[in-house]
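Asker: The opening position of the sequence shown corresponds to residue -18 in our numbering, with each subsequent residue numbered one higher.
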Amino acid sequence: MNVLREKSTLTKTLILIQIIKNKPSKLSHIANALGITIQAVSHYIKKLMEENLVAYVNERYVATNEGVEYVQSKLLGLKRFVDEEIENLNVINVCTAIAKEKIKKGDRVNLFMEDGYLVAYKNKPSPSKGTALRDAHPNEDLPVTGLQGIIKHKLGKLTVVVNRCSKEGGSRDIDKKKVKSIINRNCCKKIAVADVVSLCVLRDLDIDIDIEFAPVEAALDAVRRGISVCFFGNREDGDKLLSVVTKFNRQSQYRIEYEIVEI
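Right, here's the structure in full:
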């Protein structure tokens, strides 16, 4: 993002904005508004006039059409950059939490992640806080604004269970006792299944399946919310999930810990 990376580009853009807004008659007006020296403004004005971005008309500095287009281009580029980074960093201005007690509009609330959902308390201390936008009863949705701090949050653990059965044997090749042991050992709160063989094994064991459709996306979302997940699938399914997890770990400040188990 050149407008942020290059000081000269940023200063040129800021000077042009002042000229477009105010059409100043003196360089000192620009200097005072931006907190820089008159000499610096004079240096940049000379360059801007050479580039046909600024003109001196009727004893006032004005932006040319090219100057206005230049500012629009830089601001739109900056907006795209900011929007992308806000999304990448999960920066939010207003959120919806579940009220865990009676809360009134204007109350300062403390935010937590519980069982995969954002919840709000009045008196339970948290590094993340906000202001209630309306009254809410316990277990009612509550819009929260004025967010401050970062929610103390721990990602769930991901166990990727890959079946290596033959096409002919299918679920009959699977050691079902091992499957039960894996689930119990990893204390999985959610079970995700991505293939028919794993589905049949889990049904045969009378194990409740929480996630059947879009299992890769749903399993990742659950883990991000702090829920431990056992993901069952074939080799291709496992590779697809791990590819998404690797991308998340590379881009996020958090890291998903995972274990691969073959059955």
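Backbone N, C-alpha and C define an ideal beta-carbon position, used for all residues, glycine too.
1. Helix, strand or coil: which one does DSSP assign to Lys110?
2. Closer than 6 Å by C-beta to Tyr51: which residues in its own chain qualify, once you throw out the five before and the five after it? Chain order, please.
3. Looking at Ala173 and Phe213, is the spacing between their C-beta atoms short of 8 Å?
4. So, helix, strand or coil for Phe93, using DSSP?
5. Taking the straight line between their C-alpha atoms, what separation do you get for Ser179 and Ile79?
6. Rounding to the nearest angstrom, what Cα-Cα distance links Glu31 and Gln232 in this structure?
7. Quick one: what's got a C-beta closer than 7 Å to Val49's C-beta in the same chain, skipping five residues either side?
8. Going by the C-beta, is Asn104 closer than 7 Å to any heavy atom of the ligand MG?
9. Taking the alpha-carbon positions, what's the Asp191 to Val141 distance?
10. Return the bridge partner residues of Thr126 from the DSSP annotation.
11. Would DSSP call Thr77 helix, strand or coil?
12. Could you check where the alpha helix (DSSP H) with Glu217 kicks off and where it finishes?
13. Is the distance from the Cβ of Asn215 to the Cβ of Val143 below 8 Å?
14. For Leu92 and Lys81, which I take to be in contact (beta-carbon distance under 8 Å), what is that distance rounded to the nearest angstrom?
15. With DSSP run on the structure shown, which of helix, strand or coil describes Phe62?
16. Helix or strand or just coil, what does DSSP make of Arg41?
17. In whole angstroms, give me the CA-to-CA distance for Arg41 and Thr(-10).
18. Under 8 Å, with one C-beta from each stretch per pair, do the segment 91 to 106 and the segment 201 to 209 reach the 3-pair mark?
19. Could you pull the start and end residues of the beta strand (DSSP E) that Ala101 belongs to?
20. Could you give the DSSP three-state label for Thr140: helix, strand or coil?
21. Starting from Ala173, trace the beta strand (DSSP E) both ways and give me its first and last residue.
22. Count the other C-beta atoms from every protein chain shown that fall within 10 angstroms of the C-beta of Tyr25, then say buried if there are 16 or more, exposed otherwise.
23. Could you tell me whether the Cβ atoms of Ser9 and Ile19 are closer together than 8 Å?
24. What do you reckon, are the CB atoms on Pro108 and Val75 nearer than 8 Å?
25. So if DSSP puts Ala117 in a beta bridge, which residue, or which two residues, is it bridged to?
Answerer: In short, the structure shows the following:
1. Correct three-state label for Lys110: strand.
2. Around Tyr51, the same chain offers Leu34 as residues with beta carbons nearer than 6 Å, after the five sequence neighbours per side are excluded.
3. Closer than 8 Å, so yes.
4. Under the three-state reduction of DSSP, Phe93 is assigned to strand.
5. Approximately 35 Å between the Cα atoms of the pair.
6. Straight through space, the alpha carbons of Gln232 and Glu31 are spaced by roughly 42 Å.
7. Ile1, listed in sequence order.
8. Among the components of this structure there are no ligands whatsoever, and the ligand MG is therefore not found.
9. The alpha-carbon atoms of Asp191 and Val141 are separated by roughly 15 Å.
10. DSSP lists Thr112 as partners of Thr126.
11. Residue state, collapsed to three classes: strand.
12. Here the alpha helix (DSSP H) through Glu217 covers Arg216 to Gln232.
13. It is a contact, given that the beta carbons lie within the stated cut-off.
14. With a beta-carbon spacing of about 10 Å, Leu92 and Lys81 fall beyond the 8 Å limit used to define contacts.
15. Phe62 falls in the helix class under three-state DSSP.
16. Arg41 falls in the strand class under three-state DSSP.
17. Going from the Cα of Arg41 to the Cα of Thr(-10) covers about 23 Å.
18. Cβ pair count under 8 Å is three or more, so yes.
19. From DSSP, the beta strand (DSSP E) with Ala101 extends over Tyr98 to Tyr102.
20. Taken through DSSP and simplified to helix, strand or coil, Thr140 comes out as strand.
21. That run of the beta strand (DSSP E) goes Lys171 to Val174.
22. Buried, by the Cβ-count rule.
23. Between Ser9 and Ile19, the C-beta spacing is below 8 Å.
24. Contact: no.
25. Ala117 has Ile84 as its beta-bridge partners, per DSSP.
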